[in-house]
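Trainee: Pasting in a structure now, in structure tokens, and then I'll have a few things to ask.
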Amino acid sequence: EEYWAICEAYGWNAGKGASLRQFERLIEDKNAGVKNTDQELVAYNKALGAKPLPQATLSRAELISALFKGCDVEALGRLQAPAMRRLADLLNFKGSNDDWMRAHEAL
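With our numbering, letter number 24 in the sequence shown gets 80, and the count goes up by one each step, no holes.
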């Protein structure tokens, strides 16, 4: 249900997933209930196993792009349910994989 709700809230095509631009909108949405400081973006990237990011030399857009790429392990250029689940795990989503995928499959 979480993936579907995110797609609906942001006007994404759930079958295609989120583009980098759409992902940026989610990350920058102060009403999304997600902490989005630059330090946290660096920490999220580190938690995904990315090489350390030089926060002091990267723009915010570059930090968000790195996070997008870290979630997009299939290199699709879009974040579908499995990729968004990786982000949700970083943000302490409490549901199971079945909970996450059930919403995606219902589409």
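In this text, a Cβ means the ideal position worked out from N, Cα and C, and glycines have one as well.
Could you spell out the range, first to last residue, of the alpha helix (DSSP H) harbouring Glu130?
Mentor: For the purposes of this step, residue 130 is taken as the residue at position 74 of the sequence shown. Segment: none, Glu130 is in no alpha helix (DSSP H) and carries neither H nor E.
Trainee: Could you work out which residue in Leu82, Thr113, Phe124 and Gln78 is closest to Asp100 when comparing CA atoms only?
Mentor: Sequence index remark: in the sequence shown, residue 100 carries index 44 (1-based). Looking at the sequence provided, one finds Tyr at residue 100 rather than Asp. Tyr100 has its Cα closest to that of Phe124, out of Leu82, Thr113, Phe124 and Gln78.
Trainee: Just to confirm my understanding: we take Ser121, look at its own chain, exclude 5 residues before and 5 after, and list those with CB closer than 7 Å. What are they?
Mentor: On the sequence shown, residue 121 is found 65 positions in, with the first residue counted as 1. Excluding sequence neighbours, Ser121 sits near Leu76.
Trainee: According to DSSP, is Ala74 part of a helix, a strand, or is it coil?
Mentor: Along the sequence shown, read from residue 1 onward, the residue named residue 74 stands at position 18. Reduced to three states, the DSSP call for Ala74 is strand.
Trainee: Could you check if Gln95 is buried or exposed, using at least 16 other CB atoms within 10 Å of its CB as the buried criterion?
Mentor: Locating residue 95 in the sequence shown gives position 39, counting from the first residue. Answer is exposed; the Cβ neighbour count stays below 16.
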